[in-house]
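This report refers to the structure that appears directly beneath it.
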């Protein structure tokens, strides 16, 4: 639900946890916030006396708000996670916190390992592992993970097949916190039973573990060992904080979306397309003052991102900042491959931009003798939809779910293109720094990058470390490299 700023009434907003989003006159997201009480928090922005007390930045934000919307959730933890995801997705101008790449922690376990164990992760990968989370309480999660591994006797070593040297240094085996599957002290079947019991806790069934912890806490208190009792109390609190009933909603926390089959059907009707929409592809161009021009292609299937289908391109044939020619190049490259491999075409092609980008894409498709398919341009400023053969752009109501689909895939294309552009700029910066180092040719540059991974890590190293890791680099050259990097 999106409402104009002038239509704000506290009674329209529930007094429950949630996330609120403010947009400017052009529909761009300018601020995302969370609240334990949405009504109280959002009302504070629109009180007449707020502007007099606000600092400059807050006054600018309040003046820039044109429309608002909110997403009610079950708990404050879920609101925290949702806020973070929306900020990373939209990168709003007025948000300062959480605009880096930091993510909430996940728990990961690979059940196809011979002796599975539980580890921390930041990113969910397609690696056949089972993930739990994200968890907003990082400190409590780390303490709880350490407790669970010890309580169930699961291994904490990184190697799936620890050797004799690893076992020699294993403190968990010495203090009896590990069942030592690497030494054959426990069978694979018995170890699996421990893993299954631990998974019960991850699914929120804490009764057995909580009872065990309470018993140890009571025993310590009865022996007047209040310090130990306090530690067991903290373990119990952490378990409830991470896996308790009140905090279980994080598992299903998702970004509220106006996309999906219903929205695709609404878009089909708005564009008056005869064929139902299933697959949409969107192209976007990104460059910085004509340098390092790149393009991105994002794909939505049934209104949802299909990230495995995303593609990114380096512009090869265009010099300078020419978005029209760049659009023609990437559309031509992609559809040439689709036609050559006889792969299915999208039900709708979207190009980011106005009539110029649209005509460039259409001309290239015609040159390729591509079968006819719907192609539109989406201009960001006023969300105008350019359609071939129509003199005036189509402007949909901002409440239209079909428009939200187009905005979502366009925003994804922006994000994907900008992240690729940023990676290339960082790579070029790294290469240029190494090119300027005295006595460093192409081979030594590659050797330095292979040994340290980045210029940042190389700068942290000392002379002896550089000499040890990079063959052929002596102390004199290593000193010159460090001196040049520090400048």
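In this note's numbering, the protein residues as written are -16 to 470.
Beta carbons are placed, not taken as given, at the ideal position from N, Cα and C, and that holds for glycine.
Here the structure is a predicted model, which is why all the values come from computation and not from measurement.
Residues -15, 10, 50 and 366 of the same chain have their beta carbon placed closer than 8 Å to that of residue 381, with the five preceding and five following residues left out of the count.
Looking at the DSSP output, residue 307 sits in no beta bridge, so it has no partner there.
Residue 140 sits in coil when the DSSP states are folded into three classes, being neither helix nor strand. Collapsing the DSSP output to three states places residue 269 in a strand. Residue state for residue 177 is assigned as helix, using DSSP reduced to three classes.
Counting C-beta pairs closer than 8 Å gives fewer than three between the region 35 to 43 and the region 16 to 25, which falls short of the contact rule. Sixteen is the threshold: when 16 or more other Cβ atoms of the shown chains lie within 10 Å of the Cβ of residue 164, as they do, the residue is buried.
A residue is called buried when at least 16 other Cβ atoms come within 10 angstroms of its Cβ; residue 186 does not meet this threshold and is exposed.
Here the alpha carbons of residue 121 and residue 63 stand approximately 13 Å from one another. Within the same chain, Cβ atoms closer than 7 Å to the Cβ of residue 212 are found at 200, 203 and 204, the five residues on either side in sequence being excluded. Considering only 339, 114, 314 and 342, the residue with the shortest C-alpha distance to residue 300 is 314. In the DSSP annotation of this structure, residue 6 is not part of any alpha helix (DSSP H); the continuous beta strand (DSSP E) holding it starts and ends at 1 to 6.
In this structure, residue 101 keeps its C-beta atom at 8 Å or more from the C-beta atom of residue 88.
The straight-line gap separating the alpha-carbon atoms of residue 132 and residue 96 is approximately 16 Å. Listed in chain order, the non-local C-beta contacts of residue 430 below 6 Å within the same chain comprise 453, local neighbours out to five positions each way being set aside.
Between the C-alpha atoms of residue 57 and residue 362 there is a straight-line separation of about 36 Å.
In this structure, the CA atom of residue 65 is about 23 Å from the CA atom of residue 29. With a cut-off of 8 Å on Cβ pairs, the region 376 to 390 is not in contact with the region 341 to 352, counting fewer than three such pairs. Secondary structure of residue 23 (DSSP, three-state): helix. Put simply, of 255, 270 and 243 the residue whose alpha carbon is nearest the alpha carbon of residue 261 is 243.
In the three-state scheme derived from DSSP, where H, G and I count as helix and E and B as strand, residue 30 is classed as coil.
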